[in-house]
Each structure stands twice: as C-alpha cells, then as structure tokens.
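One structure is given here, and the rest of the page talks about it.
Residue numbers (my numbering), protein chains in the order written: chain Y, 1 to 204; chain C, 205 to 931.
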C-alpha cells in the first residue's frame, strides 16, 4: 500500500508542477508555488539530516576509538562551533564571515592551487608515458589557452589571444553545446521516467 | 574334523558327504564348466556330443566330492566315479537313463537359427532320464507335499487354467515352485523329444526365481503348457523376459536343481493334464498327428503329457508375437566365436587422437574366478558372495599422456610455475623508493618553479606583464547596462561560488560591486550555496570599504541562503518573499528598497557570480524563463566560459553581459578607475595586484609543459632512431 501511495504522490506532484509550468492558471500556479516551497523546505531538512548523520558517524568513531578518530574530534569541534556561531549570530554576521574568509577560503584556495600543480605535473607525465599524437594535441591546446589567457611579459602576441578566443568559443563551445543537449535530453528522459513511474528514486 | 553345513537346513555334515544326512539336500552344488570351455555342439559327431554332455560331466564332478569344498572348474571331463562311489539313487537314475537312451535315438541337433532362439541349452535324454526320481531316495516331507499337491489338483475346478492360490484359500502351503517338479526345466525348443510332453507344466529353473505378483488375474500358479524356451511361464511379461534371460545364462548350471524334485513325472503329468487350458488343448488336437509322427519312441510313457511339436508351436500365428520375441540368445558362445573371426578395422592416427579417453571396461562378475565358500552357512556354495567389493571395480580412466600436446612455450611456463611453487622468490618491492626518487628528481623542481613564479612578482613589486589593452564587448555591455540601471530599484546579485573559487571571482565581483556602489544602486544578495552568504558579505564589506556612503545608506539587502537548488530557484522566481522569507533577515524585506518588490520583476536586473556552469544554467532555466523581462548579467570563471557563452551569443541571448575570469575583472576594474582624460587605469584593483603572479605562474606552466613535450619527443625520436639503426 505504501508503494502505491508514494508512486501516486510522486507522479501527481510531478504532473501538477509540469502542467502549471505550461498552463498559466492561477490555481495551478498557486499549487505549484506551494509544492515548490515544500520541496525547498524538505531540501533544507535533508541538509540538516545530513549534517546530523555526519556528526553521529564521527561521534561513534570517537567513542569506539577507531583509526583516525583524532580527525573526527577536530571535525566535531569545528562543526559544533560553526553551527552554534551561525545559529546565534546569523549567517552574515562578522564572526560567520570571518570563519569563512579566514579559515575555509584559504584552505580551499590552497587545495585549488595544489590541484593546478598536480594537473600540470600529470600533463607532463602523460607525455612521457604515452607519447601519442592526441597527447601532443592536448599539450598544444593547453599552451595556446594559457598563453592567450595569461599575459606575456614585455610582449604581446596579437593573434594569440584571437586564436585562444576562437579555440574557446568554437571548438569548446561546440563541445559544450553538445554536452548541454545531452544533459537536456537526459534530464527530459529522467523526468519522464519518474513521471511515468518507471524510475522510483524515492523508493530507495 | 572340518564340517560341511547343509545349505538348506544348516546342520553340520561330514565333509565327504554329498547329501545332507538330515534333509537329503545336496551339500555340494552342481556347477557347470565355464561357457568358454564348454565344447561346441557339433551335430555331425554324436560321439562328441555324448562326450560333451555337460550335465553328465557336472554330475560326475558333483559326485567327485573333493575335500575342502573346492572343485575344478576347468571344464575338463573328469572320470566318472565308480559304481561303488555312486549313491544308490544316482545309480538308479543312471540305469534308467541308460535304458531310455538305448530306446530313444539321439535327437537331431537343431540348426543354429533355432539354437539362437532357444534360451535353455539342450538337455540330452540321458540327463533327463537321470532326473527320474527314485522312490526310495525320496524324503518323507516331499512325499507329503506331493500327496497334498495331488489332492489340491483334484479339488481344483475343471476348466480353470489357473489353480486357486493357496494363499487365497487361507492355507499356509509351500509355494508352487516347491510343489511342481522341475527336473525338466530346460529343453531345446527345436527338439521333439519323448520328454517334451513330460516337461509341460514344469517350471524352468529361472522361472522359480522370477518374481510374479499374485493377483487375481495373474495368480502365482503358472500357466502350464508346452511353450518354447520354457515349459511354463509366469503371466508377468517382464518376469518372463527376465526368467528367460536368466535361464539362458544359467542354463549350464542346471544341476542347481535340488534332488528332491526329481522323479515326480507321474504326478506332474497328472497335474499338467488337469491344468492344460482349453486353447492349448485345441492346439494339441490340431498338432497331435504331426507331433506323434515326429516324436521318437522314447516318449511313450509320457504320451499323455506330450504336447504338439515345437515346430508347430513356433509356426506363425500360433504363439503370440511377444512370446517369440523374448527368446534369449542361447548360442552366445557361437556368436563370440564368429565375431572373433571378424577383422578389426584399423583407425587412422588422427581418428585415434580424437577418440575420447577410454575407460577401463568393468570386469563382469562372471569373469571373476568364483570363490567357493568354505565356512559358515554358505560353505560349499560357489559364487554367492562377490570376492571383492563393487567399488573396487569402478574403473578409473587411464591418463593417456600421449594425447597431451605440449608445445615448448607451454612446457617452459609449466617449468617456471613448478620452480616458483617449489622455491618462491622473495623479491623486495622498491616501488616506494622509486616513487620517492621521481618526486625528488623533477616533480619537486616543478613545484619549486611554480612557487617562485607566484611569489616573485609580489616580493619584487614588479609589473612586467602587460595589462589587457582591449575590452571585450560582453564586458562593455555589462558596464553600460549597469550605468543605465535606475537607482531606486534594487539589483539582485547571486553569489554562486565557493571559497575555492574566490580568488578568481572575487576580483570580478568586486569590480561590479564597486560600480554599483558608485552609482548607489541597492544590492540584494542571494545564494544557493551554503557559503554563498558569507562570500557575499565579504565582497560587499570590501566594496563598502571603498564606498562608506553606501554602507551608511543601508542599501545592501542580504537575502541569505536559498535552499533547494533548482527547486528553490523556481520558487524564488515565483514568489521571492515567500521563498526567501525564512532565511533572510526580517529587516531586508522591510527596508524601503525591497518593500515595493513583490515579485522578481521588482529587481532592475540580476547579476550572477558563478564558477560552475551548472549553477548558471539553473538560474537561466528556472528564473530567466519565468521572468524574461529582467536582464541577466554574469561574472563567470574562465573555466565556465565555454558553456556560458552560448547563452550570450544566441539570437535571443539570455545573458546580456559577461565578465570572464581574471582578465575580465582587470579590464572592468580598469574601466571603473580609468581617467577619462588620459585613459589610464587609476587605483590598483585586486585583479591588478594579482596580475603579475597570475601571468608568471601561467608562463611557468607553459614552460614546464613545453619542456616536457620536448623531452618526450626527444626520447621518442631517440628510440625511433635506435630502432632504425638496429634494423
């Protein structure tokens, strides 16, 4: 019985939202807005549940003394402190902003810079390990885009930026549009499957 | 003194005794010579036929009585015992047989075709004559049984071919096989001997062992009649086949019959006459003249029981088809002898190679040397227990090694595997050491080079990298649009990036915010990222640092975090107050700049600061499609440009202006601070302070990639030249 109720609710909600998207009737628009609001609230609750699950997992790890429980201690402490601070002072208070800009942002930026260096080394290594024409093509595209994006000292190569723009806007955009079309078709197919009840992700 | 136990009553007897002193049963079974050693039937030599009388030979062996219960199974004819060694009953039997043999001419041997259809072997008239019972040798219990049997047959109703089963009468009588004399159990079907009629109604030895269920329609009493291949048969067809087959196999072992069944021809004849069915009687009437003409004279005393000749019975239409089809082969030895002469085919080698592995044939029990039991209740019996267990006889297919084709490569691998299994090598793993050496060799150099390239411009405060001199159209459009926005209507700015992308996007966001604050346009911030509000607050705070008047006017309206991603965006586009009311501070929507805003149309434009194209796509699809009249601008990262630019370059663009990457931020900041008279950039923006470090690191990356490509190509070229030289 639960199975049928959930399927009916899912399909009914999806169809109602879809119809309201195309039919500009006031009752349908109101129902759609209410449903979307419920969805947003559920997403927020899901985020809280995820945070609670993360906290319980690491608390269990600390209690059992499993390997790496010291990291879990730091995670629990920082999580609780940020949660209390943001809850008490608000998400845009100077304390909350300080934590983000002075702790989280340097860490993430450092990791991004590390990623850039690792990608550079991987690019060099792949040329030694797999000397293929496609590898050299990758090298050529990377060099052109880097030189066209970044400035050069003392000199400026006029055609280089134009070539970089062409490379980024014609071949890359062509590939990007193909990706967008694929994503759109995939999303449409997935939505239709959910609406028809063939896919039931809510049953998992 | 060793004892010999009677197989019937189990009482001990002297080892030299032939018959039991208590029940007169034979202590030593009469065994026949192996079929292979049996001399072949030769119709052209009556003397040899007489010499090959297996029954006589076996009886002679049975009377020889070797101590220890063993007997020569070679099949060679042993000398007959002397008259003193022969018991009285046997002497009388022999004397009577001799008289009948003299009176009866030797029957013509059947053709081979008839032999092949007959299940039992030929029993000479002499042997049959020997089976006439002696009156004095008959035990008392057998006499009682015969009298009782005679009485029962007299009491049976006439016309019924079947005798009423004794069990049906509720009497505990011995079974019929014990009542019926059986000395004439086997007879060649083609022989028209005087004892043919006598054998009617007598069961074959094999039939005595054949099971037949006593039912109403198939009583245990046999249908007695002159059937070929057996004088009586069980109504059960499978039993018939089995008994016939067993009879065919055990034909030479006729002496297994107990001696107490001998000499009951008279009683059996009477019983047979009483039990002959009507159909058989009619057959006998039809075929009697021919049978009488073909019958020898020796059958006169059995004339009453003599049935029609076997040839007539075997005529088409007389016997049912199933009965003639179940005749077991009786001339198996002849067939074997014929098959031995057949030349075997020679298989070609390739066919022999394809032949599957042959299993060893199971030796039949008959081929085993039969062991004679020497102790226990089975002492004196032969072949009762198998000498070895059956499981030991299960063959194992022999391994034919010559069929395995092993090439040298496989042999080498097998040898290597064997060597590894026997002496496994313990090899040190130097992978960690190699990885560390590689890291120290050139990877560390790359990292050091990058670090120097990033830090050097900041430390030296040099500006060696040229600033962008051209402004892209999309950036100029954004700047122009912001300059045209009304001051009394707020602008919605979405901060859709994480702290990791702040280094690239904050420069562009700061440049745009600087322009907005310079114009005094109210800014409402929103984000679907959890860290978005903090990033927005940081950018706004840095902008307000440059525009203190803006901060005091309270034109910054933080709407906070919008959960639900695409769903939240759609809800916000439908009803901004309801969607963001729970997350935004109450003062934002109560401010005079946001009070007139009841829908998204209340915002003058939307500026999306985004690092990932998927988030930008969600804004376009969920918000812009619902309110296409609200212009959308974007500050994007260089990585998101290929996927965002189509929304700008389409015929109906969803985005009216773009600021792409650090170069776009530098251009925009330069335009914000440009001196209208000189055209030079004014104040140093964050993008300008990072510009040299950005350029140096990018150039270093290009150099590293170039060196790597040259090195790779050089190594490949050297290898190619080396191979060419070797060739």
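For each residue, glycine too, the CB sits at the ideal point set by N, CA and C.
By the Cβ neighbour-count rule, residue 297 of chain C is buried, with 16 or more other Cβ atoms within 10 Å of its own. Under the DSSP assignment, residue 888 of chain C falls outside any alpha helix (DSSP H); it carries neither an H nor an E label. Residue pairing from DSSP places residue 209 of chain C in a beta bridge opposite C:216. In the same chain as residue 808 of chain C, and ignoring 5 residues on each side of it, the C-beta atoms closer than 6 Å to its own belong to 689, 690, 693 and 695, in chain order. Secondary structure of residue 655 of chain C (DSSP, three-state): helix. Cα atoms of residue 923 of chain C and residue 651 of chain C: separation of roughly 29 Å, rounded to the nearest angstrom.
A straight-line Cα-Cα distance of about 32 Å links residue 905 of chain C and residue 738 of chain C. Contacts between residue 124 of chain Y and chain C, judged by CB atoms closer than 7 Å, involve 908, 909 and 912 in chain order. Three or more beta-carbon pairs separated by less than 8 Å link the segment 828-840 of chain C to the segment 791-811 of chain C, which places the two stretches in contact. In this structure the segment 778-785 of chain C does not lie against the segment 705-719 of chain C, because fewer than three pairs of beta carbons, one per stretch, are closer than 8 Å. Collapsing the DSSP output to three states places residue 725 of chain C in coil. For the set C:766, C:767 and C:752, the Cα lying nearest the Cα of residue 760 of chain C is the one of C:752.
Here the alpha carbons of residue 126 of chain Y and residue 726 of chain C stand approximately 51 Å from one another. In terms of beta-carbon proximity, residue 702 of chain C lines the interface with chain Y, with at least one pair separated by less than 8 Å. Contact fails between the segment 78-92 of chain Y and the segment 606-625 of chain C, because fewer than three Cβ pairs, one in each stretch, are under 8 Å apart. With respect to residue 143 of chain Y, residue 910 of chain C sits close: the two C-beta atoms are nearer than 8 Å.
Taking a Cβ-Cβ threshold of 7 Å, the residues of chain Y close to residue 845 of chain C are 168, in chain order. Neighbourhood of residue 647 of chain C in chain Y, by CB distance below 8 Å: 121, in chain order. Residue 779 of chain C reaches chain Y at 33, counting residues in chain order whose Cβ is nearer than 7 Å. Within the segment 132-146 of chain Y, 136, 139, 142, 143 and 146 place their CB atoms closer than 7 Å to a CB of chain C, listed in sequence order.
Listed by position along chain Y, the residues whose Cβ is nearer than 7 Å to that of residue 849 of chain C are 169 and 173. The beta carbon of residue 127 of chain Y falls within 8 Å of a beta carbon belonging to chain C, placing the residue at that interface. Taking the beta carbon of residue 654 of chain C as reference, the chain Y residues within 7 Å of it are 117, listed in sequence order. Counting every other CB atom within 10 Å of its CB across the protein chains shown gives residue 844 of chain C a total of 16 or more, marking it as buried.
When the beta-carbon positions are compared, residue 654 of chain C and residue 901 of chain C come within less than 8 Å of each other. Residue 178 of chain Y is outside the set of residues whose beta carbon lies under 8 Å from a beta carbon in chain C. Residue 741 of chain C: member of the alpha helix (DSSP H) spanning 736-750, first to last residue. For residue 36 of chain Y, the nearest beta carbon of chain C is closer than 8 Å to its own beta carbon. For residue 230 of chain C, the secondary structure class from DSSP, reduced to helix, strand or coil, is strand. Residue pairing by DSSP places residue 811 of chain C opposite C:697 and C:837 in a beta bridge. In the three-state DSSP reduction, residue 106 of chain Y falls in the helix class (H, G or I). The contact set of residue 39 of chain Y on chain C, defined by CB atoms closer than 7 Å, consists of 768 and 771 in chain order. When beta bridges are read from the DSSP output, residue 669 of chain C appears opposite Y:153.
Straight across, the Cα-Cα distance linking residue 877 of chain C with residue 824 of chain C is about 31 Å. Looking only at Y:136, Y:152, Y:190 and Y:141, the smallest Cα-Cα distance to residue 171 of chain Y is reached by Y:141. Residue range 817-823 is occupied by the alpha helix (DSSP H) that includes residue 817 of chain C.
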